[in-house]
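Student: Please read through the structure below; I'll follow up with questions.
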Amino acid sequence: DTGVSQNPRHKITKRGQNVTFRCDPISEHNRLYWYRQTLGQGPEFLTYFQNEAQLEKSRLLSDRFSAERPKGSFSTLEIQRTEQGDSAMYLCASSLEGGRYTFGSGTRLTVV
Amino acid sequence: DAKTTQPTSMDCAEGRAANLPCNHSTISGNEYVYWYRQIHSQGPQYIIHGLKNNETNEMASLIITEDRKSSTLILPHATLRDTAVYYCIVRGFIDGGTSYGKLTFGQGTILTVHP
Numbered sequence: 052d053t054g055v056s057q058n059p060r061h062k063i064t065k066r067g068q069n070v071t072f073r074c075d076p077i078s079e080h081n082r083l084y085w086y087r088q089t090l091g092q093g094p095e096f097l098t099y100f101q102n103e104a105q106l107e108k109s110r111l112l113s114d115r116f117s118a119e120r121p122k123g124s125f126s127t128l129e130i131q132r133t134e135q136g137d138s139a140m141y142l143c144a145s146s147l148e149g150g151r152y153t154f155g156s157g158t159r160l161t162v163v
Numbered sequence: 704d705a706k707t708t709q710p711t712s713m714d715c716a717e718g719r720a721a722n723l724p725c726n727h728s729t730i731s732g733n734e735y736v737y738w739y740r741q742i743h744s745q746g747p748q749y750i751i752h753g754l755k756n757n758e759t760n761e762m763a764s765l766i767i768t769e770d771r772k773s774s775t776l777i778l779p780h781a782t783l784r785d786t787a788v789y790y791c792i793v794r795g796f797i798d799g800g801t802s803y804g805k806l807t808f809g810q811g812t813i814l815t816v817h818p
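Chains E and F supply the protein sequences, listed in that same order.
Numbering-wise, the first sequence is residues 52 to 163 according to our numbering.
Numbering-wise, the second sequence is residues 704 to 818 according to our numbering.
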């Protein structure tokens, strides 16, 4: 069990650019979650997958955001045309259904 | 999922027990109480969860009142490394009770353990 891995750890991008983050879950976990966290706030749910199926998307996930989990393994979260308001920590977690979440260390995005 | 209410911040002396309260007065019968914590610049970490009985593991104890409307997380001998934000979350079922819902985080309690 190597835990949940997120890459990159930090990303600085210019406004208007596209960025993509990757999450590698614990291999036997069938659920994968994406959260966003801004300073002083708790993590906010964005979306989750069960295997390769995206089962729920938050209304926070605008049409500039897209997430995929091909083959039910790793997942990517892409943000198109980034805005300064997208600056946040993006957290990924995985679990077995009904099980405890294991979080990664997150990707900190700064949009300048 | 039921909403939870936690104090914004708490202090605790190193070596003493830290008792973190959580109110969840609208909890329903099949909803579990979960506790996670988040140390600065890390992802949240699972601590413990329970339904109606008190629970204990190597990290903490969880005391749930008989009416299940509130609970207390107890760190029996707090250390400086326990300084973190502690989240109390109530998690239930979706899809007609066939599947667990997602975790919904509030703002949590900032616990500061001081020497």
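By construction, the Cβ of each residue, glycine as well, lies at the ideal position given by its N, Cα and C atoms.
#1: Tell me whether residue 137 of chain E sits in a helix, a strand or coil according to DSSP, three-state version.
#2: If distances are taken between C-alpha atoms only, which option among F/804, F/775 and F/780 comes closest to residue 719 of chain F?
#3: Is residue 84 of chain E close to chain F, meaning its C-beta is less than 8 Å from at least one C-beta of that chain?
#4: Roughly how many angstroms separate the alpha carbons of residue 712 of chain F and residue 728 of chain F, rounded to a whole number?
#5: What residues are listed by DSSP as bridge partners for residue 744 of chain F?
#6: Compare the C-beta of residue 72 of chain E against all C-beta atoms of chain F and say whether one is closer than 8 Å.
#7: Count the other C-beta atoms from every protein chain shown that fall within 10 angstroms of the C-beta of residue 742 of chain F, then say buried if there are 16 or more, exposed otherwise.
#8: Do you know offhand how far residue 813 of chain F's Cα is from residue 760 of chain F's?
#9: Quick one: Cα of residue 147 of chain E to Cα of residue 769 of chain F, how far?
#10: For the putative contact between residue 153 of chain E and residue 145 of chain E, defined by C-beta atoms under 8 Å, what is the C-beta separation to the nearest angstrom?
#11: Scan the region 711-740 of chain F and note each continuous beta strand (DSSP E) run of 3 residues or more that stays entirely inside, going in chain order.
#12: I want to see whether chain F comes within less than 8 Å of residue 136 of chain E, judged by CB atoms only; does it?
#13: Residue 765 of chain F versus chain E: which residues are under 9 Å apart at the beta carbon?
#14: Residue 789 of chain F and residue 811 of chain F: beta carbons closer than 8 Å?
#15: Mind checking which residues open and close the beta strand (DSSP E) that includes residue 58 of chain E?
#16: Quick one: residues in its chain with C-beta nearer than 7 Å to the C-beta of residue 754 of chain F, no 5 flanking neighbours on either side, listed in chain order?
#17: Since residue 100 of chain E contacts residue 117 of chain E with CB under 8 Å, what's their CB separation in whole angstroms?
#18: Under 7 Å Cβ to Cβ from residue 162 of chain E, same chain only, skipping five residues before and after it: list those, please.
#19: Can you list, in chain order, the residues of its chain whose CB lies under 7 Å from that of residue 803 of chain F, leaving out five sequence neighbours each side?
#20: Compute the minimum distance between the beta carbon of residue 122 of chain E and the heavy atoms of the ligand COA, and state whether it is under 7 Å.
#21: Can you give me the start and stop residues for the beta strand (DSSP E) that residue 768 of chain F sits inside?
Tutor: For this structure:
#1: Taking the first sequence and counting its residues from 1, the one referred to as residue 137 of chain E is at position 86. If DSSP states are grouped into helix, strand and coil, residue 137 of chain E belongs with the helices.
#2: Your numbering for residue 719 of chain F matches position 16 in the second sequence. It is F/780.
#3: Taking the first residue of the first sequence as 1, we reach residue 84 of chain E at position 33. Yes, its Cβ sits closer than 8 Å to a Cβ of chain F.
#4: Residue numbering aside, residue 712 of chain F sits at position 9 when the second sequence is read from its first letter. Residue numbering aside, residue 728 of chain F sits at position 25 when the second sequence is read from its first letter. About 20 Å.
#5: If you number the second sequence from 1, residue 744 of chain F lands on position 41. According to DSSP, which records beta bridges pairwise, residue 744 of chain F is partnered with nothing at all.
#6: For the purposes of this step, residue 72 of chain E is taken as the residue at position 21 of the first sequence. No, residue 72 of chain E does not count as interfacial toward chain F.
#7: Here residue 742 of chain F refers to the residue found at position 39 of the second sequence. Answer is exposed; the Cβ neighbour count stays below 16.
#8: Position 110 of the second sequence holds residue 813 of chain F. Position 57 of the second sequence holds residue 760 of chain F. Those two C-alpha atoms are separated by around 22 Å.
#9: As a first step, residue 147 of chain E must be located in the first sequence, where it is residue number 96. As a first step, residue 769 of chain F must be located in the second sequence, where it is residue number 66. Looking at the two C-alpha atoms, the distance is approximately 29 Å.
#10: As a working mapping, residue 153 of chain E is identified with position 102 in the first sequence. As a working mapping, residue 145 of chain E is identified with position 94 in the first sequence. Going by Cβ atoms, the distance from residue 153 of chain E to residue 145 of chain E rounds to 6 Å, so yes, they are a contact pair.
#11: 712-716 and 721-726
#12: Within the first sequence, the letter at position 85 stands for residue 136 of chain E. It does not: the Cβ of residue 136 of chain E has no partner Cβ on chain F nearer than 8 Å.
#13: As a working note, residue 765 of chain F is residue 62 in the second sequence. Residues of chain E passing the Cβ test: none, with the nearest at roughly 13 Å.
#14: Taking the first residue of the second sequence as 1, we reach residue 789 of chain F at position 86. Taking the first residue of the second sequence as 1, we reach residue 811 of chain F at position 108. Their beta carbons are under 8 Å apart, which means residue 789 of chain F touches residue 811 of chain F by this criterion.
#15: To locate residue 58 of chain E, count along the first sequence from 1; it is residue 7. Segment 56-58, the beta strand (DSSP E) holding residue 58 of chain E.
#16: The sequence position of residue 754 of chain F within the second sequence is 51, counting from 1. The residues are 735.
#17: Numbered from its first residue, the first sequence carries residue 100 of chain E at position 49. Numbered from its first residue, the first sequence carries residue 117 of chain E at position 66. At roughly 13 Å, the Cβ-Cβ gap does not stay under 8 Å, so residue 100 of chain E and residue 117 of chain E are not in contact.
#18: If you number the first sequence from 1, residue 162 of chain E lands on position 111. Within the same chain, residue 162 of chain E has close Cβ partners 64, 66, 133, 134, 135, 137 and 138.
#19: Reading the second sequence from its first residue, position 100 is the one you call residue 803 of chain F. 794 and 796, listed in sequence order.
#20: Among the components of this structure there are no ligands whatsoever, and the ligand COA is therefore not found.
#21: The residue labelled residue 768 of chain F in the question sits at position 65 within the second sequence. It is not in any beta strand (DSSP E) - residue 768 of chain F carries neither H nor E in the DSSP assignment.
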